[in-house]
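See structure below.
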Amino acid sequence: MICPHEWRPVCDSDGTTHINLCEFAQHQCLSERIHHKNVTIASFEECGNDGKCDEKCPEQYSPVCAVNGVTFVNECELRKAKCLLSVHRSDLTDLPKDYDGECCKNYPCEYSFDPICDRSGRTHINNCVFHQEQCIMEKKFNKTVQKEYSGQCCNRSCEDNYQPVCDGSTTHANICQFRVKQCEAERQGRVLSLAYAGECCRVPKGGCEKSGPVCDSEAQTHANSCFFDKKKCVLEKDQKTLTMIHNGACCTIKECKNTDEPVCDSHGGTHASMCHFENTKCIHDKIHINSTLQFRYRGKCCESSCDDAWSPVCDQHGKLYTNKCHFMVKSCEIDKSSGALLLETPCSEQQKRRMLRRVRNTSGLLWP
């Protein structure tokens with residue numbers, strides 16, 4: 003049986019002092035079985051010591067813990083107990099102090115393996131043993147021991163080679179050290195994943211901080227080009243590319259329905275609807291700061307795949323066109339934008355001569 007460690011002395015008939023009644027009972031049992039001797043209780047106090055251990059101790063509670071796990075009221079009482087034991091117990095020649103304060107409670111812990119890992123990376127057999135060792139470390143070494151997670155500690159021996167990997171925010175020296183941190187995260191109910199090989203991308207400093215917002219090719223707005231550079235770095239680790247589309251916040255792209263109502267812009271581009279045109283216009287105008295995309299007319303843009311073969315025609319307003327194809331394109335555009343009619347007329351020789359001196363070819367239109 004396991005006896006408690008409290009100091010409640012018992013003196014037996016042989017003049018031996020026992021720490022308490024429990025220890026006396028064990029001694030009595032052994033004496034009967036081994037030595038066939040009947041030992042009885044003489045008194046519930048220390049056995050007489052012929053004045054050797056009569057030190058008077060102050061009635062001051064300043065507890066100390068002896069190495070045998072017994073708490074004494076103060077160091078004086080511990081010295082007195084050591085003296086008494088040396089007189090009456092030849093098997094106990096010394097009883098040094100272990101640490102200041104009351105002894106940690108000695109719970110009867112089972113030794114089932116249900117490990118606890120503390121923050122210093124030490125594994126304890128189970129929670130009961132952890133609490134006992136926690137108390138001893140705090141009182142004996144003034145060291146705070148805290149639980150990190152349930153389960154065996156993840157610490158393992160890793161080589162010092164620097165082949166960095168990134169978990170998305172933290173750079174680990176190599177894959178082995180990452181696995182250690184990943185194990186610890188799992189013990190704490192967190193998920194730590196490998197993002198890419200190499201050091202983690204960081205937001206750079208410097209002039210990029212003053213760039214103002216920028217828009218990337220994935221339609222994400224960044225507070226400045228520093229944040230864009232970090233995202234670009236991350237994507238390049240995965241063999242992807244990212245480009246800066248324009249300065250300023252990205253356009254808010256509206257969700258457009260397929261209405262089958264196309265429109266034509268000023269650059270000859272056809273859009274599925276006015277909504278689609280407005281989305282394109284926003285992006286175009288942010289990229290081309292000196293150019294504005296404008297709405298021209300409803301309907302698909304007029305076909306304009308004309309060559310420059312010289313066969314001039316004129317309209318009723320006296321404007322000359324390189325050939326009939328260019329004239330038909332212009333006629334289509336005027337019809338769709340205003341509903342007006344453009345008529346083909348013969349060109350005079352004077353118009354042709356003037357055209358040869360002053361040629362400005364814009365979409366095939368030759369102005370007189």
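Under the working numbering, the first residue of the sequence shown is numbered 3, with each subsequent residue one higher.
Cβ coordinates follow ideal geometry from the N, Cα and C atoms, glycine included.
A quick note: this is a predicted structure, and the numbers were derived from the prediction, not measured.
| query | result |
| --- | --- |
| Proximity to Asp287 [Cα-Cα], best of Lys321, Phe230, Asp262, Cys252 | Cys252 |
| Residue burial classification, Ala68 (beta-carbon count within 10 angstroms, cutoff 16) | buried |
| Cα-Cα separation between Cys106 and Gly71, rounded to whole angstroms | 8 Å |
| Endpoints, alpha helix (DSSP H) assigned at Ala225 | Element bounds for Ala225: n/a, residue is neither H nor E. |
| Beta-carbon separation (whole angstroms), Ala86 vs Val66, contact threshold 8 Å | Note that residue 86 is Leu in the sequence shown here, rather than Ala. Not a contact, Cβ separation roughly 16 Å. |
| Residue environment, Ile21, which counts as buried when at least 16 other CB atoms sit within 10 Å | buried |
| Collapsed DSSP secondary structure at Ala311 in the structure displayed | coil |
| Residue from Arg298, Ser307, Arg10, Val236 with nearest C-alpha to Ser45 | Arg10 |
| Three-state secondary structure (DSSP) of Glu104 | coil |
| Simplified DSSP assignment, three categories, for Ile138 | helix |
| Inter-residue Cα distance where the pair is Cys119 and Asn129 | 10 Å |
| Leu237 in three-state terms, based on DSSP | helix |
| Pick from Cys55, Arg158, Val205, Gln190 that is closest to Val182, judged by C-alpha positions | Arg158 |
| Cα-Cα separation between Glu305 and Cys327, rounded to whole angstroms | 10 Å |
| For Asn281, the three-state DSSP class (helix, strand or coil) | helix |
| Where Ala83 falls: helix, strand or coil (DSSP) | helix |
| Reference Met57; option with closest CA among Pro314, Lys82, Cys349, Gly208 | Note on residue identity: the sequence assigns Glu, not Met, to residue 57. Of the candidates Pro314, Lys82, Cys349, Gly208, the one whose C-alpha sits nearest the C-alpha of Glu57 is Lys82. |
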